[in-house]
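These notes concern the structure reproduced below.
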Amino acid sequence: MNQGAVQFLKQLIQIPSINPPGNERQVAQAIADLLTGHGLEAECLDFEEGRANLVGWLRGQSATEGKRVLAVSGHMDVVPAGEIPWDHDPFSADEVDGKIYGRGTVDMKGGLAALIFAMLELKDEGTELYGDVKLLATAGEEAGAVGSERLYHAGYMDDVDALLVAEPTSGEIMVANKGVLWVEITCYGKTAHGSLPDSGINAIAHMSKILHALFNDFKMSYETDPLLGGPTFSVGVIEGGVKTNVVPDRCRIEIDFRTVPSQNHEHILEELQHLIDSVQKDTPNLKAEMRIFNDLPSVRTDVDHPFVKIVQEAVKEVCGEVRQPNGVTAYTDCSRLVPPGGKQQPFVIICGADTHLAHQPDEYIEVDTFLEAIRLYKTIIKKYLAKRITT
-7 MNQGAVQFLK QLIQIPSINP PGNERQVAQA IADLLTGHGL EAECLDFEEG
43 RANLVGWLRG QSATEGKRVL AVSGHMDVVP AGEIPWDHDP FSADEVDGKI
93 YGRGTVDMKG GLAALIFAML ELKDEGTELY GDVKLLATAG EEAGAVGSER
143 LYHAGYMDDV DALLVAEPTS GEIMVANKGV LWVEITCYGK TAHGSLPDSG
193 INAIAHMSKI LHALFNDFKM SYETDPLLGG PTFSVGVIEG GVKTNVVPDR
243 CRIEIDFRTV PSQNHEHILE ELQHLIDSVQ KDTPNLKAEM RIFNDLPSVR
293 TDVDHPFVKI VQEAVKEVCG EVRQPNGVTA YTDCSRLVPP GGKQQPFVII
343 CGADTHLAHQ PDEYIEVDTF LEAIRLYKTI IKKYLAKRIT T
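So, in structure tokens, the structure goes:
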């Protein structure tokens, strides 16, 4: 079945499910057709034009009493190919020297396809499982994790006992991810002719004062996390002005906060507003407003949880290495699927795909890495669902 798995991965890569806008519906349908063609259940859940989540099931052969449900998940959207030229067309899925090139090979259609073929192979081999495998193929992870949010609120995690996510980790066992808080600050001024700057209010000049205070005075309170370290923030976008000889009446920035479990996002926003208020007191006519456009919590699983131990055993068996749990500095769908205050099932994020190739030109996954991921996921599923629960 190896060649079939490789061909299916190429098929997924050739579908340009770029986010924005997403266009995951084609990917979802391709997965649904494959699953149902092998006797598995699948359902496409449309929520916008051209957009859908996909839920699939590999039903265990045991009685329903005492069975577990293992959710396996990956997202179907990819980031744009970018402005830097590629040597290989980002959506051709070229295979050269044992590598498959294309946007999403690493992040994360490679991991998603590996999960799917792990399920198919277990089905075709007639493996007895004391529980169900539930596939959650999500839309929109690259922009707010909107698909996984919909699945969570629709109840698709309610019966789940553990979650396996196939994001690229270079083979590391990840049991935590940072939270994210994206904030836009906009300064408003008054336009004027560039030769008469004193008759206007320069929004860029006012924003520069906020930026100076942000980089020099803004401090976040937190407790260092043993897996994730401390929080970070960066200004990723600055935009203002329309022409050289026009005093700008608007300037905006976008700030990317990456947070750890000990932090409260509301407190960060309060401190940020306090900083803006302080700058306003010292700057006549400074007008600024704040908008939040992404807000996901940091989540983690206990490193000693039995599910984590099962994954460690599987990694040792398949990859021949003992690996210790770690944390992801990015956010993942786990923030939506196992949020604080919910059931908070244990989760592990793992795929051998090279993290450093994600979102890069000429992104690729090695065929051997892809096939090893299938073997690893099969082993994890079998180990987790191999025994009937007695307590």
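Residue 73 in the working numbering sits at position 81 of the sequence shown, and the numbers go up by one each step. Ideal Cβ placement from N, Cα and C applies to all residues, glycine included.
Does the beta-carbon of residue i have 16 or more other beta-carbons within 10 angstroms, so that it is buried, or is it exposed?
i, result
"residue 158", "buried"
"residue 284", "exposed"
"residue 404", "As shown, the chain starts at -7 and ends at 383. That puts residue 404 outside it, with no answer to give."
"residue 216", "exposed"
"residue 383", "Confidence at residue 383 is low in this model, with a pLDDT of 41, below 50, so its placement is unreliable and the value that follows should be read with caution. Per the 10 Å Cβ criterion, exposed."
"residue 306", "buried"
"residue 146", "exposed"
"residue 132", "buried"
"residue 188", "exposed"
Examine the ligand NAD and report whether any of its heavy atoms sits within less than 7 Å of the Cβ of residue i.
i, result
"residue 155", "No copy of the ligand NAD appears in this structure; indeed no ligand is present at all."
Using CA coordinates, which residue listed in the options is at the minimum distance from residue i?
i, options, result
"residue 375", "184, 171, 154 and 42", "154"
"residue 338", "226, 273 and 156", "156"
"residue 81", "362, 373, 356 and 371", "356"
"residue 190", "302, 277, 173 and 316", "277"
"residue 266", "304, 184, 282 and 12", "282"
"residue 335", "-7, 119, 148 and 98", "148"
"residue 67", "74, 97 and 53", "97"
"residue 48", "27, 40, 61 and 41", "27"
"residue 218", "316, 180, 257 and 353", "316"
Excluding the 5 residues flanking residue i on each side, which residues of the same chain have their C-beta closer than 6 Å to its C-beta?
i, result
"residue 171", "251, 288, 289 and 290"
"residue 7", "18 and 19"
"residue 51", "124"
"residue 63", "126, 128, 152 and 155"
"residue 144", "328 and 329"
"residue 162", "346 and 347"
So what does DSSP say about residue i, is it helix, strand or coil?
i, result
"residue 210", "coil"
"residue 343", "coil"
"residue 306", "helix"
"residue 283", "strand"
"residue 181", "coil"
"residue 377", "coil"
"residue 318", "strand"
"residue 171", "strand"
"residue 193", "strand"
"residue 93", "strand"
"residue 188", "coil"
Can you give me the Cβ contacts of residue i inside the same chain, cut-off strictly under 8 Å, excluding the 5 residues immediately before and after it?
i, result
"residue 91", "356, 357, 358 and 359"
"residue 65", "107, 127, 128, 129, 130, 140, 155, 156, 157, 158, 325 and 329"
"residue -3", "105, 106, 109, 362, 363 and 366"
Below 7 Å CB to CB, which residues in the same chain sit around residue i once its five sequence neighbours on both sides are set aside?
i, result
"residue 136", "286"
"residue 322", "169 and 170"
"residue 142", "39 and 45"
Go through the segment 216 to 263 residue by residue and report every complete run of the alpha helix (DSSP H) that reaches 4 residues or more, in order.
none
With a floor of 3 residues, list each beta strand (DSSP E) that falls wholly inside the segment 31 to 77, ordered by position along the chain.
Listed in chain order, they are 33 to 40, 43 to 50 and 60 to 67.
Would you list, in sequence order, the uninterrupted alpha helix (DSSP H) runs of no fewer than 4 residues that lie entirely inside the segment 99 to 148?
102 to 116 and 138 to 145
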